[in-house]
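Peer 1:
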Amino acid sequence: MASFYGYEQFAGHWGENARLALDTIEMKPARGIPSWTCHPMDAPFIEEMIGRAPGDFRSDPDGVYIAFQQAIGTCYIDQYLAENVLSLSHGGFESDTPRSATTGAESIVRDGIEIDSPEAVVEHMERCVFPARKREIESFNSNDPALVAALVDGECALQKKLGHNILKGPYGGFFSFPCFQYYAYGYANYFMTYALYPEVIERDFAQQADLAALRNRAAARAIIDGGLPRLLRLDHDMADARGTLASTASLEKIWLPHFARAIRPLLDSAIRLIWHCDGNLMGLVPGLLEAGVGGFQGFQYEHGMDYERICRMTDRDGRPLLIIAGVSVTTTLPYGTREDVIAQMRRLVEHGPRRGLFLGASSSITPNTNRENIRTFIEGLEYYRHHKRD
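The numbering used here numbers the first residue of the sequence shown as 1059 and each following residue consecutively.
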């Protein structure tokens, strides 16, 4: 084992931006507002911004992506998405991108079972999913030192790539909780199953939580022993413009208790959990906070997410929330003016929490977004990194 394990090897070497991110995660007073990942899915724009030749991103996605994040002063990255940029062009998804259950697959087949009805979903869960997951639960060892070391080593490798002035926070492999399985079965068949066979869906949530609690014990140990930032962004889309994809009442009954049980090992280790918001999630916000969530990221304001109200809320222990405030990638950046971008950033700062605030975009910035607006957004990130609020 190396003489310095985990993030201990970076202690004393953090740059100004990484230190700003660390202070903000720890809810300390900070000189400015750190910026979260800026992720334009527009390789030519990224190349242009850092003076690289056309085609350089495709030949060296890691190098170009990291150089872009460094150049624009990004302070904190959790989800590392360099290769993701290449999946989408100005004409849409690349033609060779495989279609999935939620991106236009002509048919969905799982383990030889064609998923063409809610009954087929039930059959697949009972015949394939539940037995396989039961075996995984029985064999999973949360105390496996090799598993913990692999999680820590993976983060350290990415941190070294990013350099000392961008803080890499844990993401993939560091959390698990019960999720909707529309990604496996498609939206229509899954939610028909949810409506017609809620007992099967709850059995799935319960079993997912059993496994998640084991995984999260290992993840918590990796974060604590490895000295990683104690912040995890839980990322699962559960709402659209109308509200949650299933009724809030049903989620409170058959999902939230299992979600709360799954994340308990992380909360017991004083790891702050924040939730990524897509759509109008307001109906679920109180339940998430009661379960232990300590902040939010994203926000689709145009669909009813009340940013100002959320920023005034506290966690279940009465502590302020950590917020990653997002300039809208669905309205302001693609369709607004330069003045709209500036005004929205000012509003996010003025109404955000006094401590524990990051600035970013609400999600990935799609191709064909107004490039001048993106440049204005990046200028705003730079400004707020160096200016405190009154």
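Positions of the beta carbon are idealized from the N, C-alpha and C atoms, including for glycine. Everything numeric in this text was worked out from a predicted model, so none of it was measured.
Of the residues Tyr1243, Phe1263, Met1099, Arg1374, which one's Cα is nearest the Cα of Asp1174?
Peer 2: In the sequence shown, residue 1174 corresponds to position 116, counting from 1. Among Tyr1243, Phe1263, Met1099, Arg1374, the Cα nearest to that of Asp1174 is on Tyr1243.
Peer 1: Using a C-beta cutoff of 7 angstroms, does His1361 count as contacting chain C?
Peer 2: Among the chains of the structure shown, chain C does not appear; only one protein chain is present.
Peer 1: Figure out for me which residue from Val1258, Glu1084, His1097 has the closest Cα to the Cα of Gln1239.
Peer 2: Start at 1 with the first residue of the sequence shown, and residue 1239 comes out as number 181. Looking at the Cα atoms, Val1258 is the closest of the given residues.
Peer 1: Measuring CB to CB, does Gly1356 end up less than 7 angstroms from Asn1338?
Peer 2: What you label residue 1356 is simply residue 298 of the sequence shown in a count that begins at 1. What you label residue 1338 is simply residue 280 of the sequence shown in a count that begins at 1. It is not a contact, given that the beta carbons lie outside the stated cut-off.
Peer 1: Quick one: using the 10 Å Cβ neighbour count with 16 as the cut-off for buried, is Arg1367 buried or exposed?
Peer 2: Numbered from 1 along the sequence shown, position 309 holds the residue referred to as residue 1367. Exposed.
Peer 1: Straight-line CA distance for Ala1207 to Gln1067?
Peer 2: Reading the sequence shown from its first residue, position 149 is the one you call residue 1207. Reading the sequence shown from its first residue, position 9 is the one you call residue 1067. Taking the straight line from one Cα to the other gives about 15 angstroms.
Peer 1: Roughly how far, in whole angstroms, is the beta-carbon of Leu1380 from the beta-carbon of Gly1352, given that I think they are within contact range, below 8 angstroms?
Peer 2: Here residue 1380 refers to the residue found at position 322 when the sequence shown is read from its first residue. Here residue 1352 refers to the residue found at position 294 when the sequence shown is read from its first residue. Going by Cβ atoms, the distance from Leu1380 to Gly1352 rounds to 6 angstroms, so yes, they are a contact pair.
Peer 1: Which residues bound the alpha helix (DSSP H) around Ile1104?
Peer 2: On the sequence shown, residue 1104 is found 46 positions in, with the first residue counted as 1. That run of the alpha helix (DSSP H) goes 1101 to 1107.
Peer 1: Which residues in the same chain as Met1059 place their Cβ atom closer than 8 angstroms to its Cβ, once the five residues preceding and following it in sequence are excluded?
Peer 2: Along the sequence shown, read from residue 1 onward, the residue named residue 1059 stands at position 1. For Met1059, the predicted model reports a pLDDT of 41, less than 50, meaning its position is unreliable and no value from the coordinates is stated.
Peer 1: Relative to the alpha-carbon of Asp1120, which residue among Phe1188, Glu1105, Asn1274 has its alpha-carbon at the smallest distance?
Peer 2: For the purposes of this step, residue 1120 is taken as the residue at position 62 of the sequence shown. Of the candidates Phe1188, Glu1105, Asn1274, the one whose C-alpha sits nearest the C-alpha of Asp1120 is Glu1105.
Peer 1: Counting along the chain, where does the alpha helix (DSSP H) carrying Ala1383 start and finish?
Peer 2: Position 325 of the sequence shown, counted from the start, is the residue given in the question as residue 1383. First-last for Ala1383: 1380 to 1385, but that is the beta strand (DSSP E), not the alpha helix (DSSP H).
Peer 1: Please name the residue or residues paired with Gln1239 in a DSSP beta bridge.
Peer 2: Counted from its first residue, the sequence shown places residue 1239 at position 181. Answer by DSSP bridge pairing: none, since Gln1239 is not bridged.
Peer 1: Based on the DSSP output, what are the partners of Arg1372 in its beta bridges?
Peer 2: Residue 1372 sits at position 314 when you count from the first residue of the sequence shown. Reading the sequence as shown, one finds Thr at residue 1372 and not Arg. According to DSSP, Thr1372 bridges with Pro1378.
Peer 1: Kindly indicate the opening and closing residues of the alpha helix (DSSP H) around Cys1096.
Peer 2: Position 38 of the sequence shown holds residue 1096. DSSP places Cys1096 outside any alpha helix (DSSP H), giving it a letter other than H or E.
Peer 1: In this structure, how does DSSP classify Cys1133 when only helix, strand and coil are distinguished?
Peer 2: In the sequence shown, counting from the first residue as 1, residue 1133 sits at position 75. Coil.
Peer 1: With distance defined between alpha-carbon atoms, name the residue in His1409, Phe1233, Asp1295 nearest to Leu1269.
Peer 2: For the purposes of this step, residue 1269 is identified with residue 211 of the sequence shown, where counting begins at 1. Checking every option, the nearest Cα to that of Leu1269 belongs to Phe1233.
Peer 1: Where do the ends of the alpha helix (DSSP H) carrying Ile1321 lie?
Peer 2: In the sequence shown, counting from the first residue as 1, residue 1321 sits at position 263. Residues 1314 to 1326.
Peer 1: Which first and last residues belong to the alpha helix (DSSP H) in which Cys1214 is found?
Peer 2: Here residue 1214 is taken as the residue at index 156 of the sequence shown, counted from 1. 1203 to 1220 is the extent of the alpha helix (DSSP H) around Cys1214.
Peer 1: Quick check: the segment 1311 to 1322 against the segment 1263 to 1278, are at least 3 beta-carbon pairs closer than 8 angstroms?
Peer 2: Contact annotation: the segment 1263 to 1278 touches the segment 1311 to 1322, with at least three C-beta pairs closer than 8 angstroms.
Peer 1: Which whole-angstrom value describes the C-beta separation of Arg1116 and Leu1144, a residue pair presumed to lie in contact below a C-beta threshold of 8 angstroms?
Peer 2: Locating residue 1116 in the sequence shown gives position 58, where the first residue counts as 1. Locating residue 1144 in the sequence shown gives position 86, where the first residue counts as 1. At roughly 6 angstroms, the Cβ-Cβ gap stays under 8 angstroms, so Arg1116 and Leu1144 are in contact.
Peer 1: Grab me the residues of Pro1176's own chain with a C-beta within less than 7 angstroms of its C-beta, minus the 5 sequence neighbours each way, in chain order.
Peer 2: Here residue 1176 is taken as the residue at index 118 of the sequence shown, counted from 1. Taking C-beta separations shorter than 7 angstroms and ignoring five residues to either side along the sequence, the partners of Pro1176 in its chain run Asn1247, Met1250, Thr1251, Leu1254, Tyr1255, following chain order.
Peer 1: Does the beta-carbon distance from Ile1083 to Lys1226 come in below 7 angstroms?
Peer 2: Mapped onto the sequence shown, residue 1083 falls at position 25. Mapped onto the sequence shown, residue 1226 falls at position 168. Not closer than 7 angstroms, so no.
Peer 1: Identify the residues that DSSP records as bridge partners of Phe1354: which are they?
Peer 2: In the sequence shown, the residue the question calls residue 1354 occupies position 296. DSSP output for Phe1354 lists Trp1333, Ile1381 as bridge partner(s).
Peer 1: Could you pull out every residue in the same chain whose Cβ sits closer than 8 angstroms to the Cβ of Thr1095, ignoring the five residues on either side in sequence?
Peer 2: In the sequence shown, the residue the question calls residue 1095 occupies position 37. Same-chain partners within the cutoff: Gln1127, Thr1132, Tyr1134, Ile1135, Asp1136, Gln1137, Leu1139, Gly1418.
Peer 1: Can you tell me where the beta strand (DSSP E) holding Gly1418 begins and where it ends?
Peer 2: In the sequence shown, counting from the first residue as 1, residue 1418 sits at position 360. That run of the beta strand (DSSP E) goes 1415 to 1419.
Peer 1: For Gly1301, which beta-bridge partners are listed by DSSP?
Peer 2: The residue you call residue 1301 lines up with position 243 of the sequence shown. Note: Gly1301 sits in a beta bridge opposite Asp1298.
Peer 1: If you measure between the beta carbons of Leu1290 and Leu1325, is that distance less than 7 angstroms?
Peer 2: Residue 1290 sits at position 232 when you count from the first residue of the sequence shown. Residue 1325 sits at position 267 when you count from the first residue of the sequence shown. Cβ atoms of Leu1290 and Leu1325: not closer than 7 angstroms.
Peer 1: How big is the Cα-Cα spacing for Cys1237 and Phe1188?
Peer 2: Locating residue 1237 in the sequence shown gives position 179, where the first residue counts as 1. Locating residue 1188 in the sequence shown gives position 130, where the first residue counts as 1. Each residue's alpha carbon lies about 15 angstroms from the other.
Peer 1: Figure out for me which residue from Ala1079, Ala1215, Asn1426 has the closest Cα to the Cα of Ile1091.
Peer 2: As a position in the sequence shown, residue 1091 is number 33, starting the count at 1. Considering only alpha carbons, the answer is Ala1079.
Peer 1: In its own chain, which residues sit with a C-beta less than 8 angstroms from the C-beta of Asp1364, not counting the 5 before and 5 after it?
Peer 2: Taking the first residue of the sequence shown as 1, we reach residue 1364 at position 306. Around Asp1364: Met1340.
Peer 1: If we count the other Cβ atoms within 10 Å of its Cβ and call it buried at 16 or more, is Ser1061 buried or exposed?
Peer 2: Locating residue 1061 in the sequence shown gives position 3, where the first residue counts as 1. Note that Ser1061 scores a pLDDT of 43, beneath 50, so its modelled location is shaky; the value from the coordinates is reported in the next line. So Ser1061 counts as exposed.
Peer 1: At which residues does the alpha helix (DSSP H) containing Arg1020 begin and terminate?
Peer 2: Outside the shown range of the chain (1059 to 1448) lies residue 1020, about which nothing can therefore be said.
Peer 1: Grouping DSSP H, G and I as helix and E and B as strand, with all else coil, what is Ile1449?
Peer 2: No answer is possible for residue 1449: it lies beyond the span of the chain, which begins at 1059 and ends at 1448.
Peer 1: By Cβ distance below 6 angstroms, which residues in the same chain neighbour Arg1275 in space, the five residues on each side in sequence not counted?
Peer 2: The residue labelled residue 1275 in the question sits at position 217 within the sequence shown. Counting only Cβ-Cβ distances below 6 angstroms, and skipping sequence neighbours, we find Ser1200, Pro1323.
Peer 1: When DSSP labels each residue in this structure, what does Arg1291 get in the three-state scheme?
Peer 2: Counting from 1 along the sequence shown, the entry for residue 1291 is found at position 233. Three-state DSSP puts Arg1291 in a strand.
Peer 1: Give every residue of the same chain whose Cβ lies closer than 6 angstroms to the Cβ of Tyr1123, excluding the five residues on either side of it in the sequence, and list them in chain order.
Peer 2: The residue given as residue 1123 occupies position 65 in the sequence shown. Scanning its chain for C-beta atoms nearer than 6 angstroms, with the 5 sequence neighbours on each side dropped, one finds around Tyr1123 the residues Ala1140, in chain order.
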